[in-house]
Amino acid sequence: MQKRLATDIFSEWAVIGKDEGMEKGHLNSVNEMLSIVDSSLKSGFSAIDVGCGNGWVCRKLSNDERCRKVVGIDGSKEMIEKAKSIDSNMEYYHALLPEWKPDEKFDFVHSMEFLYYLEKPLEMLKEFYNFWIRPEGILIAGIDFYLENEDSHSWPERLNVHMTKLSIDDWKKGMLDAGFKDVEIHQVATKEDFIGTLVIFGKK
Ligand SMILES: C[S@@+](CC[C@H](N)C(=O)[O-])C[C@H]1O[C@@H](n2cnc3c(N)ncnc32)[C@H](O)[C@@H]1O
Numbered sequence: 001m002q003k004r005l006a007t008d009i010f011s012e013w014a015v016i017g018k019d020e021g022m023e024k025g026h027l028n029s030v031n032e033m034l035s036i037v038d039s040s041l042k043s044g045f046s047a048i049d050v051g052c053g054n055g056w057v058c059r060k061l062s063n064d065e066r067c068r069k070v071v072g073i074d075g076s077k078e079m080i081e082k083a084k085s086i087d088s089n090m091e092y093y094h095a096l097l098p099e100w101k102p103d104e105k106f107d108f109v110h111s112m113e114f115l116y117y118l119e120k121p122l123e124m125l126k127e128f129y130n131f132w133i134r135p136e137g138i139l140i141a142g143i144d145f146y147l148e149n150e151d152s153h154s155w156p157e158r159l160n161v162h163m164t165k166l167s168i169d170d171w172k173k174g175m176l177d178a179g180f181k182d183v184e185i186h187q188v189a190t191k192e193d194f195i196g197t198l199v200i201f202g203k204k
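In case it helps, my numbering puts the sequence shown at residues 1 to 204.
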C-alpha cells in the first residue's frame, strides 16, 4: 500500500480534534525544551515554530514578554486554519518542507515532533543553519521517533507514513555537520515507561 503523506494524516487529526490530545501529550517535553533555551533568549527575540500544528507553541511563545515576533509554519492546511481560527492576529504559513524557506532569519527556531517525517531530516538541519537562523541564533527540536526509543518503532507501519529513524549519535553528528556549535543532546520528560523525548539543541 502506498504510504500516506504526514500532512494528510495531521489534517484529519485537526478536523477530528486530535491536535488537542497531541498538544497535551507534547506539553511536558516542550516545557522542558523551553527551559533549556530560556537563558539564550534575549529581549526582542524572534521565533518560528516549524511543523507548528494548531499553533499552541506559537501562542505560548507570544506570552513571553521578551518575544517580539513569532511565526508558525505547517504543511497541513487544516492545522493552519485551526491555528488562525484560535488567534487570527498570529502569523502562520501553510507550506511544505523542506522546499519552503522563510523571507527572514530568526533568533530562535523551535520544532516539536516534525523532523523525522522528512526523507532527509539532517539536510533540514543544514537548511535551518543556512537560511532560517540569525547569527548567534539557536535551534531546539524534540524527537520521539528515534532508534533508542524502541516503543516508537511500530509507528510508521501503524500510521502508514514515512518516518526516518536515526540514532542519538546520528542526530548529534547531523547538528555538528550542519555547522551548529555548543550542541547539546537531552532526553526529557522521561517516565518509567518512556525513554524520553530526544532533544537536540545548538547555536549558530
Ligand atoms: C506530530 S505533529 C506535531 C505538531 C506540533 N509541533 C505539536 O507538537 O503539536 C507534526 C506536524 O508536522 C507537520 N508536517 C509533517 N510533515 C511536514 C512537511 N513535509 N512540511 C510541513 N509540515 C509537515 C504536520 O502537518 C504536523 O502538523
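Here a beta-carbon is modelled for each residue, glycine too, at the ideal position from N, C-alpha and C. None of the values given here were measured: they were computed from a predicted structure.
Under DSSP, H110 shares a beta bridge with D49 and I140.
Per the coordinates, the alpha-carbon of L61 lies some 19 Å from the alpha-carbon of E81. Listed in chain order, the non-local C-beta contacts of V109 below 6 Å within the same chain comprise I48, F128, W132, I133 and L139, local neighbours out to five positions each way being set aside. Distance from the CA of F201 to the CA of I185, rounded to the nearest whole angstrom, comes to 6 Å. In the three-state reduction of the DSSP assignment, F194 falls in the strand class, which pools E and B.
With a threshold of 16 other beta carbon atoms within 10 Å, G25 falls short and is exposed. The stretch 50-99 contains, as complete beta strand (DSSP E) runs of 3+ residues, the segments 67-74 and 91-94 (chain order).
Taking all protein chains in view, the Cβ of N54 is crowded by 16 or more other Cβ atoms within 10 Å, so the residue is classified as buried.
Taking I86 as the centre and dropping the five residues before and after it, the same chain places the C-beta of N54, G55 and R59 closer than 8 Å to its C-beta, in chain order.
The residues P98 and T164, in chain order, have a CB closer than 8 Å to that of K120 in the same chain once the five nearest residues on each side in sequence are set aside. With fewer than 16 other beta carbons inside 10 angstroms of its own, D182 counts as exposed.
A distance criterion of 7 Å places the beta-carbon of M112 in contact range of ligand 1, judged by its closest non-hydrogen atom.
Within the DSSP bridge table, the entry for F201 names I140 and E184 as partners. In the structure shown, the three-state DSSP call for P156 is helix.
Spatial neighbours of C67 in its own chain (CB-CB distance under 7 Å, excluding positions within 5 residues in sequence) are listed in chain order as F45, A47 and L61. Just measuring C-alpha positions, the residue of G137, P135, L41 and I143 sitting nearest L118 is I143.
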